[in-house]
Every structure is written in structure tokens, then in C-alpha cells.
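A short worksheet on the structure shown next.
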Amino acid sequence: MKTPQVTELLTSHDGLATRLRTARGEMPAKQLAETLDWHQSKVSRIEGGKQLPTGDELALWAAATGASDLQLEQWRAMLAEAQQLRTNFDRRFRDGQQPVQTAYNQLIESCTTFRFAEMVWIPRFLQTPDYTRAVLQLLHAKYGSVDDVAEAVATRQASVRYLYEPGRQFEFILHEGILRSGWPTPEIMQGQLTLLQAAIGLPNVRLGIYPLGQRVGQPMTGSFELYGDTCYVDIVIDDEKRTLAEEVAKFNKEMDSLWESAVEGDSARAIISDAMQQHRSA
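Set out below in C-alpha cells:
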């Protein structure tokens, strides 16, 4: 599982992923991939901090890019550090989800602008307690050993109050597929969609639906959450933290582009109402 801390370490100014990219120099990523008999996406994932290379893969990278033995030794030391950090994070997650939710609430407290594009989950600020419980139960079943789901639900639900605090602005774009999904249950989704309908009328909330079956300017290819100047890129249950200004700017631009195809207001209400009818009929 990718973690915010590991990704930040790998992609820092002097991180392992950065050094590997520097070692490649002017060699195209495609050429390096062909030399190593890898798919090009693997090179991109390693250089982007999304995948940890193995020790053997570092040796192959060094040979292909002409890196010195000293460089390879340094890379291996940095790999060991990243592996240890990932192990520590995984252990913390297994020890309970409440600390993770508390950390998010601390981040939220320090921010006034929030921009979420979601393909998998209803955004945390808009979740009903039943929906939150289903999400965190799923994560516990996959990764947890300590059952603190009830405490974690209460902690995550505490972040809902920020939605009603003056001075905070929220933007949400939800893929229509989330609304029509049979998960967790039709009953939970009916309550969840009722809450979404109410959120459309909040003065500090802009809520849009990325529609199915309509022409759009671009596909919605992934989820991300912008908390002020911090971005978490979500891949199902993994979080990659992005804090570099150019990275955050890229996702702000992506959000702007998605708004060109998202539907709002009465059109969004109509889609939500239709999804509610679907769940009532299930």
C-alpha cells in the first residue's frame, strides 16, 4: 500500500525516485524500459514514487544508466529507509484507523478551501454515519487488526461540522457511478443521496455530478482531494500526498477542467433523484 509519508520521501528534492530520474538523464523513459525489458509505466511509477523498486531492480537501473557503485549503494540505503517507513505506516494502520482520521481532521482544521473529485467514495464531508461505517469496516477487513471502527467513524464524522463553518469553501465533483453503485446497500445509499440533495443548497458548497451517458470534454480518470495547498491522490484506498506547488497546481487545473463537463443545480438534483429511484427499486 502506498502511503503519504513514503511517497513524500521518495519524491523529495533528494529522494530516491528523484535520484533515479536524474540518473536517467536525457535517456527517454521508453528507452530505459526497453533496455530493462519492463513496461514503460513501471518506469513512470518508480520515478513518481508510486512503486518501490527492489534491490535487484536498482542494480539493473544503475547498469542501464551508468550509475556508479557508490550511487547504487546510496540508492539501496534509501530504499531500506523507505521500506522501513512503509512498514511503520502499515503497522500504524493495523493498530487502528482513528489516528489516521484524527490526522485528516487536523489538516482540515488548518484549511479553508477544499476541492474534491471522487470516483470511488462519497466525500468524507458529505457522508452519512452509515456510509462512513461501511467504508471504514471495509478498510478494517482489508488492513486492520484492531477494531476501532466505531471510534474512527465518530472521528471522521466530526469533520462534517466544518461544512457548516463560515469562511470555508467546498467543491465536490462526484462521478455518477458512485451514486448508482449497489455498495454498501440500497438502503444506505438512499439515505446518502438524500444528504447529497440537501448539500446542493448550502451557500459555501459547489456540488457537481460527472454524468454517465452524456458527452463530456474529457474522461474522469482518478480521484483526488485538495485540502488548501495539499493534495491527496486516491487510488481506491491508497493515498499519495502531493505538496509541491507545481503538483498541486496541476490538480487545481484538472479540477477546473472537470467542472466544464460536470452538471450542477437542478440537473445534478435530477441525476441524484433518478439514482434514488434506482435504489428504491433494487
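Just so you know, we're using full-length UniProt numbering here: the sequence shown kicks off at 1 and counts up by one. By construction, the Cβ of each residue, glycine as well, lies at the ideal position given by its N, Cα and C atoms.
Cα-Cα separation, residue i to residue j
i           : j    : result
L16         : A62  : 12 Å
Q190        : D148 : 26 Å
E47         : G66  : 17 Å
Y36         : R76  : The sequence shown places Leu at residue 36, not Tyr. Going by the C-alpha atoms only, they are around 18 Å apart.
A268        : H39  : 40 Å
N105        : R206 : 21 Å
G213        : A33  : 37 Å
K250        : A64  : 31 Å
T102        : H140 : 16 Å
R24         : P219 : 31 Å
residue 292 : E73  : Nothing about residue 292 can be reported from this structure: the residues present for the chain run from 1 to 282 only.
S223        : D69  : 40 Å
H175        : A198 : 18 Å
Other residues of its chain near residue i: CB distance less than 8 Å, five sequence neighbours each side excluded
i    : result
P129 : V153 and Q157
R21  : E47
For residue j and residue i, believed in contact at Cβ under 8 Å, the rounded distance
i    : j    : result
L136 : Q97  : 6 Å
I178 : A262 : The Cβ separation is near 13 Å, so there is no contact.
Q192 : Y131 : 5 Å
P186 : A282 : 4 Å
Other residues of its chain near residue i: CB distance less than 7 Å, five sequence neighbours each side excluded
i    : result
R124 : R156 and S159
A134 : P184 and I188
Q278 : R180
G55  : R76 and L79
Neighbourhood of residue i by C-beta, 6 Å cutoff - its chain only, sequence neighbours within 5 removed
i    : result
S12  : none
P203 : none
C111 : Y227 and G228
E225 : F116 and Y232
Residue-chain proximity (residue i, chain B), Cβ-Cβ < 8 Å
i   : result
D14 : Reference to chain B is not applicable here, since this structure consists of a single protein chain.
Would you call the region 246 to 258 in contact with the region 160 to 168, where contact means no fewer than 3 C-beta pairs closer than 8 Å? The region 246 to 258 vs the region 160 to 168: no contact.
Counting pairs of beta carbons, one from the region 223 to 231 and one from the region 107 to 121, are three or more of them closer than 8 Å? When C-beta atoms of the region 223 to 231 are compared with those of the region 107 to 121, three or more pairs fall below 8 Å, so the two segments count as touching.
Within the region 105 to 133, ranges of the alpha helix (DSSP H) (whole runs, at least 4 residues): Within the region 105 to 133, no complete alpha helix (DSSP H) segment of 4 residues or longer occurs.
Enumerated in chain order, which unbroken segments of the alpha helix (DSSP H) with a length of 4 residues or greater are wholly contained in the region 7 to 95? Counting only unbroken stretches of 4 or more residues, the alpha helix (DSSP H) elements lying wholly within the region 7 to 95 are 16 to 24, 29 to 36, 40 to 47, 55 to 65 and 69 to 94, in sequence order.
Whole runs of the alpha helix (DSSP H) within the region 158 to 210, excluding any shorter than 4 residues: 176 to 180 and 186 to 199, all fully within the region 158 to 210.
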